[in-house]
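**Student:** Please find one structure pasted underneath; my questions will follow.
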Amino acid sequence: MSEHLTVVDHPLVQHKLTLMRDKGTSTAGFRRLLHEITQLLAYEITRDMPLTTTTIETPMEEMESPILAGKKLALVSILRAGNGMLDGVLELIPSARVGFVGLYRDEETLQPVQYYFKVPKGIDDRLVIAVDPMLATGNSSIAAIDLLKEAGATDIRFLCLLASPEGVARMKEAHPDVQIVTASLDRELNDKGYIMPGLGDAGDRMFGTK
Ligand code: URA
């Protein structure tokens, strides 16, 4: 993938995103829609995965048929909202290994602090897809990718539902090698770090908290 940012403007994605933004959408509906959109976004973020061929026999004859070349995949959920995107990708790529990065914001320094980090073995050999629905300030996403690189990852992509212009710019500056795939580049961040027009707090909406 060459462009730093890919906005998936497929009609199904845009339709489902409208339903997710709507504040009247239920917790169950929001979770279901996130699962469905994630699968459509995963289709896009994996579209250049390398193929090889294998020999199979159809009921008619033998053929050489395409198959994934075996670059191993690691999905990494940025806690907690990233968990809402995991199952959608895992249904498409069941053999993917899964990691988790947990960060909280230090209220004095406002910097992200790690409280959990666990990634699959051989992360340096895998295509890593980090998932988090909201690329807002970029602070936690950038910190999560810093940690993945410290652990040895070299081939990282970032899958989100919404991105802010500020978050995209900061990610590009910190990690120009990381491709971002999203359903929408929204207008701006507000002064509390929320994406506008956005959809509110993705974690609260998917887990029914607050
Ligand atoms: N995280 C969210 O869940 N929503 C935002 O708008 C920004 C960050």
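So in the UniProt record's numbering, the last spot in the sequence shown is 210, and the numbers never skip.
Note that CB positions come from ideal geometry on N, CA and C, so glycine has one too.
(1) Could you pull out every unbroken beta strand (DSSP E) segment of at least 3 residues lying fully inside the segment 17-79, listed in chain order?
(2) Would you call P112 buried or exposed, if buried means 16 or more other Cβ atoms sit within 10 Å of its Cβ?
(3) Output yes or no for whether 9 Å exceeds the beta carbon distance between M63 and T52.
(4) Nearest to H175 by alpha carbon, out of V89, D204 and G138?
(5) My understanding is that Q114 touches L75, with C-beta atoms under 8 Å, so please give their C-beta distance in whole angstroms.
(6) Below 9 Å between beta carbons: does that hold for V168 and L41?
(7) Using CA atoms only, rank isn't needed, just tell me which of L110, G84 and G193 is closest to R32.
(8) If you check the beta carbons only, do L161 and M134 fall under 9 Å apart?
(9) Name all residues in chain order for which at least one heavy atom of the ligand URA lies closer than 5 Å to the residue's CB.
**Tutor:** The answer reads as follows:
(1) The qualifying runs are 51-57, 62-68 and 73-78.
(2) Residue environment: P112 is assigned as buried (16 or more neighbouring CB atoms within 10 Å of its CB, all protein chains considered).
(3) Taking 9 Å as the Cβ cut-off, M63 and T52 do not qualify as a contacting pair.
(4) Answer by Cα proximity: G138.
(5) Taking 8 Å as the upper bound for CB-CB distance, Q114 and L75 are not in contact here, some 19 Å apart.
(6) Cβ atoms of V168 and L41: not closer than 9 Å.
(7) The closest CA to that of R32, considering only L110, G84 and G193, is found on G84.
(8) With respect to M134, L161 sits close: the two C-beta atoms are nearer than 9 Å.
(9) Taking every residue with its beta carbon within less than 5 Å of a heavy atom belonging to the ligand URA gives, in chain order, M134, A136, Y194, I195, G198, D201 and A202.
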